[in-house]
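Participant:
2 protein chains.
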Amino acid sequence: MTRNNQNYDSGCPIAYGLSIFGDQWSLLIIRDLAIKGVRTYGELLNGWEQISTNILAQRLKHLEDRGLLTKERDPENWRSFVYQLTEKGRDLAPVIAEIVLWSGKHNTAEHAMTETVDKVRGNRKQFEDRIRNGERP
Amino acid sequence: MTRNNQNYDSGCPIAYGLSIFGDQWSLLIIRDLAIKGVRTYGELLNGWEQISTNILAQRLKHLEDRGLLTKERDPENWRSFVYQLTEKGRDLAPVIAEIVLWSGKHNTAEHAMTETVDKVRGNRKQFEDRIRNGERP
DNA sequence: TTATCAACTTGCTTTTTGCAAGTTCATTTT
DNA sequence: AAAATGAACTTGCAAAAAGCAAGTTGATAA
Chain A
1 MTRNNQNYDS
11 GCPIAYGLSI
21 FGDQWSLLII
31 RDLAIKGVRT
41 YGELLNGWEQ
51 ISTNILAQRL
61 KHLEDRGLLT
71 KERDPENWRS
81 FVYQLTEKGR
91 DLAPVIAEIV
101 LWSGKHNTAE
111 HAMTETVDKV
121 RGNRKQFEDR
131 IRNGERP
Chain B
1 MTRNNQNYDS
11 GCPIAYGLSI
21 FGDQWSLLII
31 RDLAIKGVRT
41 YGELLNGWEQ
51 ISTNILAQRL
61 KHLEDRGLLT
71 KERDPENWRS
81 FVYQLTEKGR
91 DLAPVIAEIV
101 LWSGKHNTAE
111 HAMTETVDKV
121 RGNRKQFEDR
131 IRNGERP
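So the sequence lines, in the order shown, correspond to chains A and B.
Under the numbering used here, think of the first position of the first sequence as 1, with each following residue one higher.
Under the numbering used here, think of the first position of the second sequence as 1, with each following residue one higher.
1. Any Cβ of chain B within less than 8 Å of the Cβ of Gln-24 (chain A)?
2. Spatial neighbours of Ile-55 (chain B) within its chain, please: CB distance less than 8 Å, with the 5 preceding and 5 following residues excluded, ordered by chain position.
3. Taking all protein chains shown into account, decide if Ala-34 (chain A) is buried (16 or more other Cβ within 10 angstroms of its Cβ) or exposed.
4. Quick check: the Cα distance between Arg-66 (chain B) and Gln-58 (chain A), rounded to an integer number of angstroms?
5. With 8 Å set as the bound, which would you pick, yes or no: does the beta-carbon of His-62 (chain B) sit closer than that to a beta-carbon of chain A?
6. Around the C-beta of Pro-13 (chain B), are 16 or more other C-beta atoms found within 10 angstroms, so that it is buried, or is it exposed?
7. Per DSSP, what kind of secondary structure is Leu-28 (chain B) in: helix, strand or coil?
8. Do the stretch 102-121 of chain B and the stretch 69-84 of chain B make contact, defined as three or more Cβ pairs closer than 8 Å?
9. Tell me the DSSP bridge mates of Asn-77 (chain B)?
10. So if DSSP puts Gln-84 (chain B) in a beta bridge, which residue, or which two residues, is it bridged to?
11. Within the continuous alpha helix (DSSP H) that includes Asn-54 (chain A), where are the two ends?
12. Would you give the residue range spanned by the alpha helix (DSSP H) that Gly-22 (chain A) belongs to?
13. So which residues on chain A does Gly-134 (chain B) lean against when the C-beta distance must stay under 7 Å?
14. Between which residues of its own chain and Thr-116 (chain A) is the CB-CB distance below 6 Å, once the five residues before and five after are set aside?
15. When you compare only the Cα positions, how much space is there between Asp-129 (chain B) and Glu-43 (chain B)?
16. So, does the CB of Leu-34 (chain B) fall closer than 8 Å to a CB anywhere in chain A?
17. Classify Asp-118 (chain A) as buried or exposed, calling it buried when 16 or more other Cβ atoms lie within 10 Å of its own Cβ.
18. Could you please tell me which residues of the stretch 41-55 of chain A, in chain order, have their CB closer than 9 Å to any CB of chain B?
19. Output needed for Pro-94 (chain B): all residues of its chain with C-beta closer than 7 Å, excluding positions within five of it in sequence on either side, in chain order.
20. What does the Cβ neighbour count give for His-111 (chain A), buried or exposed, with the cut at 16 atoms within 10 Å?
21. For chain B, find out if any of its Cβ atoms is closer than 8 Å to the Cβ of Arg-39 (chain A); answer yes or no.
22. Can you tell me whether Glu-135 (chain A) is buried or exposed? The criterion is at least 16 other CB atoms within 10 Å of its CB, across all chains shown.
23. Please classify Gly-22 (chain A) as buried or exposed, where buried requires at least 16 other C-beta atoms within 10 Å of its C-beta.
24. Quick one: using the 10 Å Cβ neighbour count with 16 as the cut-off for buried, is Ile-30 (chain B) buried or exposed?
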C-alpha cells in the first residue's frame, strides 16, 4: 500500500482517513489553514516546520483533489492564490482537537507549545466552531 | 523534517503527534491492537492492509520506544510475544473515534465498512471506554 | 523596461518503503 | 533424538517518496 496506490482500499474508516491525511505534512498544512489563519502558498512554505516547496505543491494538489481544500485567485492580489479549507477539511477540527489534547497530556518536553493545548482544554466547542466557520485568528 | 530527525521539533502539539503516529501504518497497528483484539506479530502481519514484515518490525519498535505499546513473552506460549497498548497508546481512542466519524461522513465508497462507524456513532463513550480498559472484542 | 514577487517546476541526491528470501529459537512430530 | 514446523524477526536489493537547490512563469512595482 503506497500513498498513490488509490486502488488499494481495505474499506476501514481509519485506512480511508490515512489515505488522505496519513503523512507527515497534510495535517500541518490543514492546521495552518484552520487555526493559524494562513492562506497563501508562501505563508505555508514559511511555516514552523519548513516543508520543501515541491512537497508542499504535491500535498496541496492531493488535498485539493480529495476535496479538503480549494485554490482560487486572490481577488485583492491577482498574482496570488488563496487556499481555503472546504467543509470536508474543516470537519477535521475534532481530529485536530483530539490530537492536541493527546499531545498536551503526553508531550512533556520543555519547549512544548501549550497555547493551543490550553485553548482546546479551555473551550473545545469554541475551538471547533471557529474552524467550522472558517474564522481567522 | 524526516521521521527519524528527532531533533527537529517545532513544539506544536500536532507536530508532536505526527512525529509519533504520522505515517501510513502506525494508526492501523494501533487500531488492530485497540479494537480488533489482535495481540501478536503474526496477527498484525496478516491484517487487512498487508503491511510488509520489515516495516511492521520497525514501526513496532518505534511505537514501543515512544511508549505507546509494550512487548512481552506470551506466558501461555513461550515462543510468541504479546503486544499491548500502554495508557499512552490507549489514550489515542478519541483520535481514532474522530477519524472514524470523519470517514463515516466523507467516505462515500460502496465498500466502506460501516460497522465501526455505526459503533462509534451509536455509543462513542462505550467505544472509547472499551479501548481505555483494554477490553478485547 | 527592468526588477521583484508569488507560485510553482525540474533535476538530482538521500531516505524510506516494499518485496522476497533467509535466520533464530522454541515447540511439535516422527 | 532428529527432523519438521511455527513465530518472530533480519537482510539485501529494487522502487518509491522526500528533501534540496536552482530554474521557470506570469503578474505587478519601480
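For glycine and all other residues, C-beta sits at the position ideal for the given N, C-alpha and C.
Since this is a predicted model, take the numbers as computed values, not measurements.
Facilitator: So, from the listed chains and residues:
1. Cβ-Cβ to chain B under 8 Å: yes for Gln-24 (chain A).
2. Excluding its 5 nearest sequence neighbours in each direction, Ile-55 (chain B) has C-beta neighbours in its own chain below 8 Å: Trp-25, listed in chain order.
3. The residue is buried, with at least 16 neighbouring Cβ atoms inside 10 Å.
4. Rounded to whole angstroms, Arg-66 (chain B) to Gln-58 (chain A) spans 29 Å at the Cα level.
5. For His-62 (chain B), the answer is no, since every Cβ of chain A falls outside 8 Å of its Cβ.
6. Under a 10 Å Cβ-count criterion, Pro-13 (chain B) is classified as buried, with 16 or more other Cβ atoms of the shown protein chains found around its own Cβ.
7. Helix.
8. Cβ pair count under 8 Å is below three, so no.
9. Looking at the DSSP assignment, Asn-77 (chain B) forms a beta bridge with B:Asp-74.
10. BP columns for Gln-84 (chain B) point to B:Thr-70.
11. 53-65 is the extent of the alpha helix (DSSP H) around Asn-54 (chain A).
12. For Gly-22 (chain A), no alpha helix (DSSP H) segment is defined, and its DSSP state is neither H nor E.
13. Within 7 Å Cβ-Cβ: nothing; Gly-134 (chain B) doesn't reach chain A, min ~17 Å.
14. Cβ neighbours of Thr-116 (chain A) beyond the five flanking positions: Val-100.
15. Those two C-alpha atoms are separated by around 23 Å.
16. As written in the sequence, residue 34 (chain B) is Ala, which differs from the Leu given in the question. Output row for Ala-34 (chain B): interface = no.
17. Flag for Asp-118 (chain A) reads exposed.
18. For the stretch 41-55 of chain A, which is checked against every Cβ of chain B, the residues closer than 9 Å are Gly-47, Trp-48, Glu-49, Gln-50, Ile-51.
19. Glu-128.
20. By the neighbour-count criterion, in which a residue is buried when 16 or more other Cβ atoms sit within 10 angstroms of its Cβ, His-111 (chain A) is exposed.
21. For Arg-39 (chain A), the answer is no, since every Cβ of chain B falls outside 8 Å of its Cβ.
22. Exposed, by the Cβ-count rule.
23. By the 10 Å Cβ count, Gly-22 (chain A) comes out buried.
24. Counting Cβ neighbours within 10 Å, Ile-30 (chain B) comes out buried, since at least 16 surround it.
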